Structures are given as structure tokens and as C-alpha cells.
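Q:
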Amino acid sequence: MSMVFHLDKCIGCHTCSIACKNIWTDRKGAEYMWWNNVETKPGTGYPTKWEDQEIYKGGWEKKDRDISLKGAGKLRGLMNIFHNPNLPVIDDYYEPFTYKYLDLIESPAMNDQPTARPVSLITGKPIDIKAGPNWDDDLSGTPDYARQDPNLKNLTPAEQEAMFQLERMAFYYLPRICNHCLNPACVASCPSGAIYKRGEDGIVLINQNVCRAWRMCVTACPYKKSYYNWHTGKSEKCILCYPRIEAGYAPACMHSCVGRIRYLGVVLYDADEIHEVASCDEASLVNRQLNMILDPFDERVIESAKKNGIADSTIKAAQYSPTYKFVKEWGLALPLHPEFRTLPMLFYVPPLLPVMASLREVNNQAQAEKMNPTAKYWNDNWLYDTSTEELWGTIDQARFPLKYLASLFSAGDENKVKHILKKLLAVRIHRRNVTVGDMDKAKVDQVMKDTNLTSEEAEAIYYLTSLAKFDDRFVIPASHREQSMEMLEFTGDTKGSVGFGLKSDPLRSA
Amino acid sequence: MSWIEDIISPQTRKWEEFYRNRFQHDRIVRSTHGVNCTGGCSWQIHVKDGIVVWETQQIDYPLLESTIPPYEPRGCQRGISFSWYLYSPLRIKYPLIRGALIDAWRKAKKQEPDPVKAWANLQSDTEQRKKYQNARGKGGFRRVTWDEVLELIAAANIHTAKKYGPDRVIGFSPIPAMSMLSYAAGARFLQLFGGVNLSFYDWYCDLPTAFPEIWGEQTDVCESADWYNAKMIADMGACLNMTRTPDCHFFAESRHNGTKTVVFSPDFSQVCKFADQWVPVHAGSDGAFWMAVTHIILKEWHHQKQTPYFLDYTKQYTDSAFLVKLEKDGDKLVPGQLVRANEMLEFSSIENGDWKFLSLDSKTNKLVVPKGAMGHRWEKKGGNWNMKLENEIDNQPYDPYLTLLKNNDEVLQVTFTEFGLDLHRQRGVPVRYLQTASGKVPVTTVYDLIMAQYGVDRGLQGDYPKDYTDKDAAYTPAWQEIFTGIDSKTVIQFAQEWANTANLTNGKCMIIVGAGINHWYHANLMYRAGIMALMLTGCVGRNGGGMNHYVGQEKLAPVDSWSAITFGKDWQSAARLQQAPLWHYINTCQYRYDGQFSKYNTVPKNKWTKQHTADTIYQSVRMGWMPFYPQFNQNTLELSKEAQQNGARTDDEIKNYVVEKLKAKKLHYAVGDPDSEENHPKVWFIWRGNAIMGSMKGHEYALKHYLGTHSNRIAKDSPDHTEEVKWHDIAPEGKMDLVVDLNFRMDSSALYSDIVLPAASWYEKADLNSTDLHSFIHPLSAAIAPVWEAKTDWDIFKLIAKHTSEIAKQHLKEPQKDIVCSPLSHDSAGEITQRHVKDWYKGECEPIPGKTMHSIAVVDRDYTKLYDKFITLGDRIKTSGLGAHGNNYTCDDVYDEIMASNHFPKEKLNGTVYPSLKEDRDAANVLLKLSTLTNGKLTVRAYREAEKKTGLVLTDIGEGYEQVGITYGDLQAQPRRYNSSPLWSGLMQDGRAYSAYTYNVERLVPWRTLTGRQHFYLDHELYIAYGEHLPTYKPSPKPEAYGDLKETLQLEQAKVLNCLTPHGKWHIHSTYMENLRMLTLSRGCEPCWINEKDAADLGIKDNDWVEVYNDHGVYCTRACVSSRIPPGVCIVYHVPERTTGIPKSQVRGNKRGGGHNSFTRIHLKPNYLTGGYGQFSYHFNYWGPIAPNRDTHVIVKKMEKLVW
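Just so you know, the protein sequences line up as chains A and B, in that order. Under the numbering used here, the first residue of the first sequence is numbered 204, with each subsequent residue one higher. Under the numbering used here, the first residue of the second sequence is numbered 4, with each subsequent residue one higher.
Below, the structure is given as C-alpha cells:
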């Protein structure tokens, strides 16, 4: 199973986060967990600065020709059973809180208004709220957060400063769930063997019966998408809503995505290549990962898949897969931080940004004196100009340095990001030409040619980006649960007994 | 090649049922959120174990045209958090009452068992009354039984009606569209009682006054799907991500379809991420930008290029070709009113000649009386109210001169005022001379005036801008720079792309606009500036075009049948519907602190601009422009008895008695002496809204003058006293005897009310919901029964009606005659009554109800039958019909169908059977059955009626709808799109996206304005007096003039910031604000956003505690330091609750800080008070002053000491 999040469309509403929270993590010990969260970029995210592996030691690192876990290998983990120094602490996330709401209803008569004070959900005591799962939303606390974004480290101080000035300021959103990686560091790190990637759909799960609270997965996941439940003593993470997927529903975060930015589909890949690809040079990581994805229409691929017991329904789903189109066919989506080498199965279409502006210095004093005496005057000494020669300007005129986007999506390769943005713009130009016709024909042709875009492909991209319906965006393969059940018992029995409480065997005397 | 396999044994994987069990649920019910939000989203409410566990969006919306993305899924972060409330500790489970009140009440009852007498005794006990008033907001709630609390409420109702009159019982509930029956419940009770409903849309400052000014329309906009049809979108003051969350995708998606997007916002708000160009105009200066855009369009695309599409459109669909008189003003010549047909001898006997206008036919060079004016609308015969270019006189087609540039008698120098740089200009205007009944007068076209106003040099002599770089001449690109901070080059590019796109696409340029513009003092002018650019490029009434204002969920689609049920029109004729802004301005005593509006409103000097707003309000009430309840200083029930005792036998004689008594100045208007005890509002019902905090501009004034409890304001009475409105040296405190709040949560209003009744939430009742953002009607449904002792609003008001009826059997058992005053109404013949401003009160004319003054109706009330009427549909609609916006249709046969149908339950009253409205679900079905939006038979009928008035063929629009008959059950099964209807101006057949005014443009049905066209020119005498007859730019008032900090700055000097209160990301107004989900995802509070540099100057660091304050009050919160906020501005997102995590204020004596309305005070713009004049006529929530808040300035200070 693979996912595409179209960042250009993301509204930043966090409906996805709450859809997930309501169903899965609205209980004791899980309050601070946001299997799905949305971050503002630039920003430090949740847990704060998670991208900085100098701090958290997540993911894989390449040594010679091989890779090993950066922080918490099984072996290294066992040697540090009682002390894992790379674990995020609660303050790196936030201390979950609530309010003494009942005081509003139950306060005795007094000489001032009651208020519901914030209290910690861990200690129950009054709390001074200093952090939250979305603390730097929309450039909140810019000096302390956005300016500390780990992705800024390759930018010059001047470039960094410009990102927070009127002329180049911008932000966009980065929604995150578990990447359900092909080379999951969490699986590799678990001393108990509690974590596994499901064969039928690639969903990575932590077995709640087997988990022994080592928390190595918490360290190992470079995306910090494995969380420790302090109440149950087990780690938990995004389950890609497998109970929903099994029922043919899209995962809750995707179903609820109001920006309609999310796509879910099957991609076929050659599992033999995983280790080799994950170990390759950083510069070729992205290409190698994309190369692994197989053409679901290729007869040889189909034949091999069938031979390996892949269901016809799955192959068909792969053929209709929207993620296959975005990632492979059109090359419009990239993995987040490929340099962590976990081979994420969640891909992002990078965002287009407003065109940058320039400021012209002016002296307004003389003019201000002529203003109506009751008029408010904004005393500034600049004029803002964001005009462009052409309708949209060019990708080079966009607000952030490409270097910044490249640090997130292509391990620093600016050309990869630039190519995608140019292609997105080419689709817009194509559609403008079709619907308004105010573009110079030669220029339109040139833009299409530069991005290897045919009008047929441009239409297909346009359709899936804008017009796609629910069933276009989520192509969920049949789960064939009957087959899984059959491995345990007669399926007819399951039909009659499923849901009747716990299915563990009764306790016996010793 | 290999494939991943299960290396885990199936046995081990059995644990997976852990999460499967959680996901399993028992029931999914369709509902929505009855919150003041334009979302109107359909939700799946999941029930497990009899408990609501979570909600996800419905994804079964019917599709529109195939070229438009689907609506699914609709719903946002707030909606999906709603289930938290159901079982939260904030939930109101039982009736609650303040201890101090219940103790006093029980004591009073002990001494006097009769509840009405007991309440009277309690109210006359000053000490007891003061004691419970002072306890308001300060804890001490107690659980009581429904019976005890209902008896108290009923006693207060009857006591008030008996002693002072029923118009001292007031109700406030906002935005009915979000849960129309819940709104209807309280309104129906109040109107049957004779009480008053306060308006909301204008009070929230969401009513875009430019809409009635230009289009005679409250608001009519496209559904969000139509954004997708636009090819250029200018978004200003509307953060779509935050406030149109479920619709925002259309905006994002349209970009990939080749649409250009430009976002105007002073801060880098969320929607700026979708901008191709972000234009950070100075807060509140957008009007200047648009004036310059229009200057370019007029100069290049109209005058130089003579773009045919633009000229043809302007000529047919706007007032531009109508003639205006030029008049002497001292030694200057200035634009006057439109020439009336009856000013010409040749047309002097024409019907409604004051309300028909003139154009010059270019073919015959003769005057014509174009069809479609308001005078035609109210003709006896009908058939001439259309926009065909036809002369009424001979029915011949004509082609009017748009300009007299080449066909004039003379070019005269006319004076134009520029308010921005405070200049007057003499410019040449081509004129023709008309020989009118009063002599020879120079006239010109509206178009020529517009050209001169915008400074387009057409070779006529005069003082014109040199070119685009002329800084000193309005409205050049260089001129706007000082106001907006935006370079001319950006303006020029924008204007060219705008005009080019509009020309190539026949009008597919759109403005999306919101509170960020409408909440300014000069909102109407900013809107008008943008609308001018739209009209001049033919972008109104086109799919993908238009001025699309989304603030407040104002579109209650089936408004025809709904308003009858809601305002009790099925039983009686007149309702008491109060314009809220002027009412609160007067009653919270905010007028006392205001002074003369001319000190902050940039106006020319004349007699109209020298007044105190309160005096203008008083005048507007007696002239029938605006309503004011309580009406008189005398009980209206007693007044009718007095009339009868003095010989009045008929209702007309009673009316005459009242007029004579008013004329003799023996009966006084309450508004003339609002601070006198007998004129106070007494009992206040609040439901579905946060009336005391969320929407109460001047909140601290309300605490003092309405509630009589502690407040944090330090403002003093203005030295500018009123002249006509009686001034009392000491202002009254604690006007309200009783405040009752219906609520499912303990919000700030509940906290300050005397009684809180547990209301069912949106997952616990049946109701209906519609919005302007989509064209479906949604149901609210009961996924579970109301929890604990909660009841639906419908049931609560039914109970209040029942108990009030019971008590009336002792105290008001005789039938009563009530006297109800109503202003001259828009969409009625009352809108063509006051050609000139003449005040009968000053002897300038005779008082004639319905003409020179308000109308007066005598309404029969039987207080013992309140409940009976509440639960049945009266048969008055069989004779009076139904309708809205001036469209009427008969429904007697449908009433009979309901009576004959087994699907509709009935009630028998005194032997007569009526359709039942007893249960909310039944009321929903009756409503749907009687509306043109949901009953196709009535749709066709309404178009047929429209044909009679217009003389146009229109019934074809209704074809195909005949079989539509939507029921509540249908809506629960799947969202249904409603029908096109002449009530609304969009055409929606075959999945076409709703776009406002397509009906007018394509079918030539006039706008409901003076000329029947879109108005460039507003010729009411007051508009001319205030300098707003032509589109213009008035800068925002500076803080010293606006007067927020007079006292504060005397105490300390500090940096002053403009405090903006845009709609927030984590709440819908105050709802969801204290929801734990939202508080967790935000910062646990509603912070004050401040720029990095301003914060550094003030020594404030991110997350520091700060106080935000001015003379009006203080809000205590934390700072959020951000680079995306411009210097000089701070933002407190609307609406914080003062209930959650608010410490005590150190600048205001260690008392609990308030909310965002603690630092606001109302300033009204008096030109909105006009009435009896075309589209400048009152209608509830349609016309009247709005209550702006964006011009507010504050001080932000770090809190050194934190006290809880």
C-alpha cells in the first residue's frame, strides 16, 4: 500500500489528525500521541526537531556498502536496556493537558468570575502550557521554532533571514503519518520481534501482545511515528486504519481529508531489491526507490505476481492505483527525507508557492501630510511590489529557495524538486490555454516540451489533481479476510462467532 | 523478483482484533452541526454501545456538472471534534439557576404564592434585585427542576407583559440557517407573545451593506463549486482555509485548472499559501487598491479600447445610462438625485412617477422611461418590471446613451470630493438641459459622473490626474500607494489581467470576500470599490464571477415557508423584528460614550453630519426607517384599552388614536428616553448563540448596563451629549430582570445568565440546515436521545409557551389588543414612500402610518392560547399565501393536502383541526412541504407569479421540478439539492453551480433597486449629504479620532496596535473554542499574535502572558510571536471564551480578564439608517447599521504577575 499527499492542496486544517485521534488515541496513555499530525514548514514539528537525527539518532546510516540503524539496533539496544539516551521525552512532545471545566458549573458564589484552569493530564496538577502537538502552527513563535527548522542548516544566514521577510515569507503544511516503509527501522530495532509488515498490504504494526516496552522503535523511527503508551506500557503507532481498509473504507485520516490531498493505492515492487536500494549512494536513493516500483500492466510483472500468490483483485487495484500514477508514471511525488533510508511508502507532491516580491525604499512623509486629518497613516518606508512579467512568474521566482524544499524531499537534489514544480506549472499553463486562451501558443508548447508533458498526460494529471472523486483517490484492494481467517478456523464458524469478546484461550491452572 | 510474505504466523496475528474491536460500531446517523458556520456539512455520527463515539464525513453528495470537482468530503477540524462536547464536563445536564436568584425567588414565593405577584415583589425589592444581578457571572449555580424554573420564567413573562408590555421581552438567537427549527422555536414563541427578536447578521457585522446598496439584496453569492468556474480570483479578507475549510479545495483545485489567484491580506494568512501573488495591503485599505484598479479599467478598457462586452453589459445591467441632475451647492455644481419621470411635464401623470427614471435614447435623441424601475414593480397592473431595453411609454426598444461625451448641450465644471487626500476637484461633465416642471436643469448620465469621479481624462476640461504616476490625484495607481503600501506596478498588472480575463471569458473574474473587509467602519465603500471593478467588466451574474461574500451562514434556502412558521405569520400579521446594532448601541448605553460621529467618519460638513448618531436613530424610528422596541413609554396592551375607552371601536380607530397621541407628543417613543426605567428591556432569552460575550461588541458595557455586574471598562461619558434623545446624568445599571440561556455547554453567556437550560446538542434532535456555500439541505438527526435532562429547543420553548399560557389564565385571561409598529419595508410598497427626507415630528409633513411614518398594526393576542398556537399551523396562510423577497404564491391547496394526508399528524383545538407542529420532525415536514425550494408544484407557481409582475416568460425554469417533493426522511437518506426558485437569483438546472444574479442577467428580471439595475450611483439625500453617492475611498479613522484609548493613554504612554479579530482556525466563533481537541492543537488558549519586531520593542517573548486592553476593557492571554503578522497590528482570533484559562487582569484591579469584545465598542455609520426609499428600506437582517470592530486599537503589555 502506498500513499501520496499533494502538499499544494493541503489546507492545514488538521481534520485528519482528529479523525485519527477520535478513533484510535483518545484514551489514557495515548493522549499525547498523534499518529497523524500536520506541521507547518518552516517549523520544528512534533516532536520538536524530529528531523534532526543528530539529536534523535533515528533511521539508518550507511557504512561502507551496508547500512545499520543509527541509534537503536537490537544489539545496541539490548546493551542499553535500562537507558536509551536517544529517546524523546514527554517535553519533546508536550505534556498533555485538560482544564478544570467543572469549576465553571460547580464554583460556589464568589466575588469574581470562575475560570477553568489548565491541568496536566499526567499529574492532574495545574500546568503552565508550554508546548503542544502543533505548537508552531502557521509560524507561531517564529523566533523559537520556524527559525530553528533543521532544514535551514544548508541555507546561508541571509537566505534564512529572507524566508521570514515580507518579500519571501511563506509557509506550507506537511501532514505526516507512519510511512509504512519498505525498510522500516522500527521493525529492525525491536528486540521482541513485535513489529511486522503485513504481507497482504504492507501495513506496519506493533503487536500489542508481544511488545515489551523496549521503546527501541521510538528511537529507530526517524519520523518519530512510534509512540510509547505510558499507561499500557506498549508502544503504538499508525495502523493505516487496517480495520477500515479491511472493510473497504479509506483510512480515517484520508477519508476525512477536506483538502482532498490524499491518495491511496497499491504499488508493486521487487522486495529482493530493498536492502540494496536502501544501501545505495544518497544521490541515487530516490531514483533507485522509484525504480523498484513495477509496472502493473507489464505482463511479466503480472505473471510473477500471480505466481507469488498475489490476488487478481490486488493486481487490478495496482493498475488503477492513483499513487502509481503520481509517483511512477508522472514522477510528481517524492519521499520525505529519503536520506533516512527507510524507503517510505508515503510520497509528497511538493507545493507551489506564491511568487516573491521586492521592496522599494520610499519616503512617505510629504505625502502623509496631505492625508485627510482623520485618516490612519501606516508609517513605513517601503513599497511592496509583487508584479511579474507573465501571468504566473517562474518557479525560480517562488518564495523559498529550492534548497529548502530539496532538503525535505530529495536529499538536497534541487533539480528533482524543480522539475516537479515546473511540471505542475506546465499543467496549469496547459489548462489556462484550454479554458481561457490568453497564453502565447509557442510558449505553451515550449513549457510542455521542457517538462516532457503531452496534453494527454496533462489532462490526466489535471483530472486526478482536481476533479478526482472518492473512488479515484482511494483504490483499496480487496482484503480477502476470508483467506486469513481460513488459516485459523473454518470461515463459516468465524462468521457466527466474530465479535464475541476475547478470543484468547481460557486460563488454566498451573 | 520476490514479494513480501507473511513471516508472522496467523495465530500471532490474532491480536489484530484489538483495533478491530475499537472500530466496530452499531449505528451511523446523518446529522450536521447547527453552528454559525457556512459549512453546512453532512456527517456520519457513529454510535457504539449507545454512546456517540466519533464522527466522519458523509461522502454521498449528488454530483454537479461533470466539469466541477465533487463536494465530498465536507467537514473540518472543528466539526469532527464535536462529539467531545456530548459527554464533556462542560455539558449542561440539568436546569441551572444562580443561587442568589433562586433563594430570593423561593423567599418571595413563600411570602406570596402567586408567581406573578411574587416576581413583581422581587423586582420591586431593589436590594434583592441588585444582589442577584451583582452575582451574575460569579459562580453559585444550583441544579433545579424543570418545573420550578419554568414557573419562574413564565411569571417573569406575564409580569412584564402586564406591567410594561410584551415588547420588553427580548430574544436573541443568531443565523437560523444553521438549525432553522431551533431558531424558529424561540422566535415563534416570542412573536406569538408579542416579544422581540433581535437581528444578528448586521449585529455580527456580516451583512455586506454594499449588497443592499447596489443590488437591493441582503446577500446572494455563488456556491463554492462555482469558484471553480472562475478564471481569476481575488481573495480579500477571507481566509478560506480557516473559514471555508470544506470549500477551500475548490480554490486550490481551480489553480490546477488554469485559474490565477491573488490574495489580499495584511498578514500571511493561511490562504496566502494558495496565492499566485500575495498582496499585503495595509489592514483596511483594500478599497484604495480597487479604486485604482477601476481607474485603469475605465481609462483603458472603457474609454480607450471601448471594449464591446464591457460597454454592452454596463449599459443593460447597471444604472449607468440613467440621468442625474446637477445642482448648485453654494457656488459649486454637484451631482444631485436621479431625474424622476414625473419631473417632466410629458410624464407627469405616470403611475409611481417619483420612482421611475429617465434615459436618453441614442436613436431618437428623446427621453425614455426605461422599464424595470421600482415604480414599475409596484404598479397596479404589473408586467413592466423587466430589464428589456424598452420604453414604458410606447413599449418600443431603445438604446440609451451611456455617455453624453459626443452628444451634449454643454460641458459643465462639477465639483468632486476626494476624501483620502482631502481635496476637491473641478472636472468637466457633459450635460443636456431638461425642461422640467421646476425649470431648466442640467443633467448627465451616471456613467459620465463615474468617469469624472474616477478621474478619467476624456479630453474634457478640468483637473484630472496627469497619468498613473500622479500621486496627488485620486484614484491613480500611484495615489493608492500611500494608503496600501503596494507598488503601482502590482496594481497595474492586476488590473490588466483582470480586464483581459473578464473580456476573454465573458465575466469569469471573481472576488471572494469576507469579514476581513466587512468588519471595517467603511466596509460598504471597500465592497463597492471592488464591485465597481466587477460590474464594469461584466462579471456579475456570470458563473465564475461576482462578489462572493461569505460571512455568516445567512442563506436559509426555504425562507418562504420557514419565515411564516418562525414569526407566527400563520396566526397573525405583524412581527416585532429589531435591528440589533442600533438597539444595543442605545440600550447598552454605548451611545453615551460615543459623541459625534463626524469626528471619526470622514464626511462633508452639513446639517446631517453634525448629529449624534443616537439622535439620528431616534429620527429614523419615528420616520419609519428603523424599528425600535420597546415602542413607547406606555404599555401597548394598555394603550389599546385606553384608545377603546376613548371611543375607538375598530382597529383603524385605535391606530388613529395612537397617531394623534404621538402627534400631540403625549405618547413618547422609548428610543427618545432609553435610560428611563419603564423603557428598559426586561427579560432576555438567549439560545443558539453567545450573545453576552461572543457577539456582544462593547461586552463590558453590556455587563454594566444590562446585567449590573462587574465590568472592566474605564471609559467615561462623552462630553457630546444627545440633543433629542433625553440625557440622564446617571446611566442605569442592570436593566435586565432576567436572562435565560439555552445551552448544551457552559459558555461565557451561560456563565453570566441567571438561568441555564440544558439544550439538546446537534446529535440529539431533528432540524434542518442550509448554507450559501452549497445547494443542499441537510438534516440534523437524533443519533441518541437528548442526554440527561436536556431537551430540544423546540421542546423547551413549547414548555415555556405552555407554562406562560397556564399562568396567563390567572393574570391575562382576557383577549388583548397589541399595537405593533413596523418600519417601511423593503420588497413592499413601503419602499416607495419617502422621496425626500421629511420629519413629521418636526412638522415637516403630516404623520401618515405606512407613508411618512412607520406602519401601525393592531394584533389580537390571547395569552391563554400561546401553547395551542405554538403547536399548530394556523390557517391564515391559506388566505395570505407565502413568499419572500417580494415573491408571493398561494398555498391553500397544499395546506389542504397536508390536512388530508396521513403523513402529517394533526391537532384538534376547540373542535377545529390543524396540522401539527408539536414535534420538531413534524414541523420540518410541514416546512419542506410548503416551500418553493422543496416542493416543485410551488416552484412553478412562484415563477408564474413572477411572470405576472415582470411580463417575462419564466415558468420554463421550473419545468422538471414539478415532481420534487422532499421530505425530512429523504434528507436523512441522502443530501438533496433544492430547486431553483424566484426567491433566489441563481439558476441551477442540470447540475449548474449556483451563481448569484444569473436569473437577473439571463432572464432580465430586475434587481430590487430603484432603477431595477445594479447601482453605481446612490442618490438618497443622506448619501449625498454623507458623501457616499459616488464610489469613493474613505480612509480608516486613526485611533485618536476613534476614541478607544482616551483614558488609557492618560494613564500611560505605550505603543498602540490595531487589533484585528479575524475568524479563527480552532473554533467557529466561540463554539469549539474551549473544546479540548482544539485547545490541544492550538496553544491551549486564544493568544494575541504579534510581530517579531513589535514584540521585541515591547519586551514580549513568545508564550509570555500579556494583557490586551483599552478604555473598553481587557483581555488576558499569551503572546504568539510570529513573522507572518505585519508590524503595527496584533491579532486575537474571534472568539475566545472568558471561561477557559483566563487569569486576572493586573491593569484593571485584579479582576478576571474578558474576551475579544472586552476591547470593542460600537460605532455606527448613520447612512445605513435610511428608509422608505427603494433598496434603502428596512428589512430584518437586510438593511440598517452594522456593528464594525476592525478599527479598534489596543495596548499590549507583558503581564508581570500571574494570578488565577
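From the three backbone atoms N, C-alpha and C, an ideal C-beta is built for every residue, glycine too. Values in this document were obtained by computation on a predicted structure and should not be read as measured data.
#1: Spell out the partners DSSP gives E439 (chain A) in its beta bridges.
#2: Could you check which residue in B:V199, B:E641, B:L93 has the C-alpha nearest to that of Q582 (chain B)?
#3: Run down chain E in chain order and give the residues with a C-beta less than 8 Å from the C-beta of M749 (chain B).
#4: Measure how close the beta-carbons of Y276 (chain B) and F703 (chain A) come, nearest whole angstrom, since I'm counting them as under 8 Å.
#5: I believe T493 (chain B) touches L329 (chain B) by the beta-carbon criterion, under 8 Å. Please report the beta-carbon distance rounded to the nearest angstrom.
#6: Does chain B have any CB closer than 7 Å to the CB of G215 (chain A)?
#7: Spatial neighbours of F267 (chain B) within its chain, please: C-beta separation below 6 Å, excluding the five flanking residues on both sides.
#8: So which residues of chain A does S714 (chain B) contact, with C-beta pairs closer than 9 Å?
#9: For the alpha helix (DSSP H) holding K1200 (chain B), just list the boundary residues, first then last.
#10: Check whether chain A comes within 7 Å of L361 (chain B), counting only Cβ atoms and requiring the distance to be less than that.
#11: Quick test of your reading: Y1002 (chain B) and L1013 (chain B), contact by CB under 8 Å. State the CB separation rounded to the nearest angstrom.
#12: Compile a chain-ordered list of the residues in the region 483–513 of chain B whose CB is closer than 9 Å to at least one CB of chain A.
#13: Using only CA atoms, which one of B:R1011, B:P1191, B:F1019 lies nearest to T1064 (chain B)?
#14: Pick out whichever of B:R1127, B:K359, B:K17, B:Y524 has its Cα sitting closest to the Cα of M347 (chain B).
#15: Compute the Euclidean distance between the alpha carbons of S883 (chain B) and T893 (chain B), then round it to the nearest angstrom.
#16: Would you mind telling me which residues of chain A sit closer than 7 Å to I1145 (chain B), beta carbon to beta carbon, in chain order?
#17: Is the Cβ of S590 (chain A) closer than 7 Å to any Cβ of chain B?
#18: Strictly under 7 Å for the Cβ-Cβ distance: is N289 (chain A) near chain B by that measure?
#19: Can the beta-carbon of R418 (chain A) be found less than 7 Å from the beta-carbon of Y426 (chain A)?
#20: Do T591 (chain B) and A705 (chain B) have their C-beta atoms within less than 7 Å of each other?
#21: Suppose contacts are defined by Cβ-Cβ distances below 7 Å. Is A683 (chain A) in contact with A514 (chain A) by that definition?
#22: Under 7 Å between C-beta atoms, does G547 (chain B) make it to chain A?
#23: Can you tell me where the alpha helix (DSSP H) holding H622 (chain A) begins and where it ends?
#24: Decide if W791 (chain B) is buried, meaning its Cβ has at least 16 other Cβ atoms within 10 Å, or exposed.
#25: Tell me which residues of the region 247–263 of chain B have at least one Cβ-Cβ distance to chain A shorter than 7 Å, keeping chain order.
#26: Going along the chain, which unbroken runs of the alpha helix (DSSP H) with 4 or more residues stay wholly within the region 929–994 of chain B?
#27: Using a Cβ-Cβ cutoff of less than 7 Å, which residues in the same chain neighbour N387 (chain B) once the five nearest sequence positions on both sides are dropped?
#28: Using a 10 Å radius around the Cβ and a threshold of 16 neighbouring Cβ atoms, would you call N746 (chain B) buried or exposed?
#29: Work out the CA separation of P321 (chain A) and E1089 (chain B) for me, nearest whole Å.
#30: Mind checking the region 665–684 of chain A against chain B and listing, in chain order, the residues whose C-beta falls within less than 9 Å of any C-beta there?
#31: Only counting the same chain, and skipping five residues up and downstream in sequence, which positions put a Cβ closer than 8 Å to that of T318 (chain A)?
#32: Can you find the residues in the same chain that come closer than 6 Å, C-beta to C-beta, to A753 (chain B), ignoring five residues on each side of it along the sequence?
#33: Among B:E349, B:R1164, B:S721, B:K881, whose alpha-carbon lies nearest the alpha-carbon of K572 (chain B)?
#34: Determine, using beta carbons only, whether L741 (chain B) and A159 (chain B) come nearer to each other than 7 Å.
#35: Note down, in chain order, all residues in the region 359–377 of chain A with a beta-carbon under 7 Å from any beta-carbon belonging to chain B.
#36: So, does the region 768–785 of chain B touch the region 965–978 of chain B, judging by three or more C-beta pairs under 8 Å?
A: On the basis of the coordinates in this document:
#1: A:Y430
#2: B:V199
#3: Judged by its chain identifiers, the structure shown contains no chain E, and its protein chains are A and B.
#4: The question names Tyr, but residue 276 (chain B) is Lys in the sequence shown. Not confirmed; about 50 Å, so no contact.
#5: So it is not a contact: roughly 36 Å between Cβ atoms.
#6: yes
#7: M239, V282, V284, D289
#8: In chain order: nothing, as chain A lies at least about 11 Å away.
#9: Not the alpha helix (DSSP H): K1200 (chain B) falls in the beta strand (DSSP E), residues 1196–1201.
#10: no
#11: Going by Cβ atoms, the distance from Y1002 (chain B) to L1013 (chain B) rounds to 19 Å, so no, they are not a contact pair.
#12: E484, I485, F486, T487, G488, I489, D490, S491, K492, T493, V494, I495, Q496, F497, E500, N503, T504, L507, T508, K511
#13: B:P1191
#14: B:K359
#15: 7 Å
#16: T318
#17: yes
#18: no
#19: no
#20: yes
#21: The sequence shown places His at residue 683 (chain A), rather than the Ala named in the question. Yes. Within cutoff.
#22: no
#23: 617–638
#24: exposed
#25: T248, P249, C251, H252, A255, E256, R258, H259, N260, G261, K263
#26: 939–953, 971–976
#27: K374, H379, E395, G954
#28: buried
#29: 13 Å
#30: Y665, T668, S669, L670, A671, K672, F673
#31: D306, L307
#32: D744, N746, V759
#33: B:K881
#34: yes
#35: F367, L369, M372, A373, F374, Y375
#36: yes
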